[in-house]
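For reference, the structure discussed in these notes is given below.
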Amino acid sequence: MAITGIGALLVELISGQRCLIPQAILAEIVPADPLQPISGAPQWLRGRLDWRGQQPVVVEPAVFCGQSDGDEVAPVRYAVIYALERLPGLNYYALPLAAIPRPMRLGMEDLVAEDDATLCELEAYRVRLHELDVAILDFAALERRLVGQLAAL
1 MAITGIGALL VELISGQRCL IPQAILAEIV PADPLQPISG APQWLRGRLD
51 WRGQQPVVVE PAVFCGQSDG DEVAPVRYAV IYALERLPGL NYYALPLAAI
101 PRPMRLGMED LVAEDDATLC ELEAYRVRLH ELDVAILDFA ALERRLVGQL
151 AAL
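Quick note: UniProt numbering has the sequence shown finishing at residue 153, numbered continuously throughout.
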């Protein structure tokens, strides 16, 4: 029996933004423990998470993109993400979640592109999934921006 589609997680960030992330880049979903602040960081860098002896930075893409002011609800969990670009000093980072992610298997027929959507530089696509407006993040762009911002602090 052939397996069709890819494994993905539908996540809702604390900004209210819904995103699809591939299951393969998820390291772990962890409880929302208090973050360590990052002095001088912009609002989209929420702080550092103490996780397995490492301190991944928690990022909120919607705040970076100006789609949220950063005064969201408290996260219920964090999604720790494997860094894909292998940039120096960045092995993991995390996204603040407003709800428990929903795993799903998706095929191309499940996603409808929003051709007229205005994309932020951290978004690769905006799509309709069933009745939801969903962002597919550009993880490479996010990681480059994150490393650049951390170097500037």
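For each residue, glycine too, the CB sits at the ideal point set by N, CA and C.
Since residue i sits in a beta bridge, which residues does DSSP pair it with?
i: Asp133; result: Arg128
i: Val59; result: Leu45
i: Ile29; result: Ala79
i: Pro96; result: Tyr78
i: Glu12; result: Arg18
With C-beta atoms as the reference, is residue i less than 7 Å away from residue j?
i: Arg48; j: Val134; result: no
i: Ala27; j: Tyr93; result: no
i: Pro96; j: Pro75; result: yes
i: Glu12; j: Ala117; result: no
i: Val73; j: Ile14; result: yes
i: Ile136; j: Tyr82; result: no
i: Ile21; j: Arg77; result: no
Here's the rule: buried if 16 or more other CB atoms are within 10 angstroms of the residue's CB, otherwise exposed. What is residue i?
i: Ala79; result: buried
i: Pro103; result: exposed
i: Ile100; result: exposed
i: Pro34; result: exposed
i: Glu143; result: buried
i: Ser39; result: exposed
Give me, in chain order, the residues of the same chain whose beta-carbon lies closer than 8 Å to that of residue i; leave out the 5 immediate sequence neighbours on both sides.
i: Thr4; result: Arg105 and Gly107
i: Gln149; result: Ala41, Pro42 and Leu45
i: Asp138; result: Glu121, Leu122, Glu123 and Ala124
For residue i, I'd like the list of residues in its chain whose CB is within less than 7 Å of its CB, leaving aside the five on either flank, ordered along the chain.
i: residue 186; result: Residue 186 lies beyond the residue range present for the chain, which begins at 1 and ends at 153; the question has no answer from this structure.
i: Val147; result: Leu87, Gly89 and Leu90
i: Arg52; result: none
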